[in-house]
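>
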Amino acid sequence: MATLFIARRFLSSSVPRLHLTISVARPAPLSLQMNLSTPELKAAYDKSCGHWSKLSKEETVMLYRATFPQSFKELKDAEKGYGPKVFAGTTLAIIIGVILAEFFKRTIGPEVPHTLDNPQWEEDTRKKLIRQKANPIEGISSRVN
Numbered sequence: 624m625a626t627l628f629i630a631r632r633f634l635s636s637s638v639p640r641l642h643l644t645i646s647v648a649r650p651a652p653l654s655l656q657m658n659l660s661t662p663e664l665k666a667a668y669d670k671s672c673g674h675w676s677k678l679s680k681e682e683t684v685m686l687y688r689a690t691f692p693q694s695f696k697e698l699k700d701a702e703k704g705y706g707p708k709v710f711a712g713t714t715l716a717i718i719i720g721v722i723l724a725e726f727f728k729r730t731i732g733p734e735v736p737h738t739l740d741n742p743q744w745e746e747d748t749r750k751k752l753i754r755q756k757a758n759p760i761e762g763i764s765s766r767v768n
């Protein structure tokens, strides 16, 4: 009981909590993220360190492609081909499982008990249920006076 009271008091306390400062990992500078392998890309990057309005459209696209090799649309289009393969594989696995289960049931499985495929046995069971008045409200015994 005392721990609940302490926990409740601690959570509802108006005393400000002291937090330790945590060093946040900062992303690497753009020059380290991009692969500045070509001299054109290096020149465009050096130009981008200044005013961005001086960059041409081609240089902007080149810098963007150096940072992000694939656009969002290209990533989305690349993912479209994966779903149908998963669906087809899952469907194929289910079909193979059903076929194997039916095969094993017919070849390896035990024979059907004589109580299920004998019509005389079914009639005798029905008569016994009526004689014992089984389920007299809505069942088989309710149909007989």
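Taking this note's numbering, the leading residue of the sequence shown gets 624, the next gets one more, and so forth. Yeah, the Cβ is synthetic: ideal placement off N, Cα and C, and Gly gets one too.
1. Just the C-alpha distance for I719 and V684, rounded to the nearest angstrom, thanks.
2. Quick check on the burial criterion: 16 or more other C-beta atoms within 10 angstroms. Buried or exposed for A711?
3. Report buried or exposed for L723, applying the criterion of at least 16 other Cβ atoms within 10 angstroms of its Cβ.
4. Along the chain, which unbroken stretches of the alpha helix (DSSP H) at least 4 residues long are found entirely within the stretch 697–731?
5. Label A667 either buried or exposed according to how many other C-beta atoms from any shown protein chain fall within 10 Å of its C-beta, with 16 as the threshold for buried.
6. When we look at the beta-carbon of L715 and count the other beta-carbons within 10 Å, is it buried (16 or more) or exposed?
7. Terminal residues of the continuous alpha helix (DSSP H) containing V767?
If we stick to the structure as given:
1. The alpha-carbon of I719 is positioned some 50 Å away from that of V684.
2. Exposed, by the Cβ-count rule.
3. L723 is exposed by the Cβ-count criterion.
4. Along the length of the stretch 697–731, whole alpha helix (DSSP H) runs at least 4 residues long occupy 705–730, reported in chain order.
5. With 16 or more Cβ atoms within 10 Å of its Cβ, A667 is classed as buried.
6. Under this definition L715 is an exposed residue.
7. Neither: V767 is in no alpha helix (DSSP H) and is coded neither H nor E.
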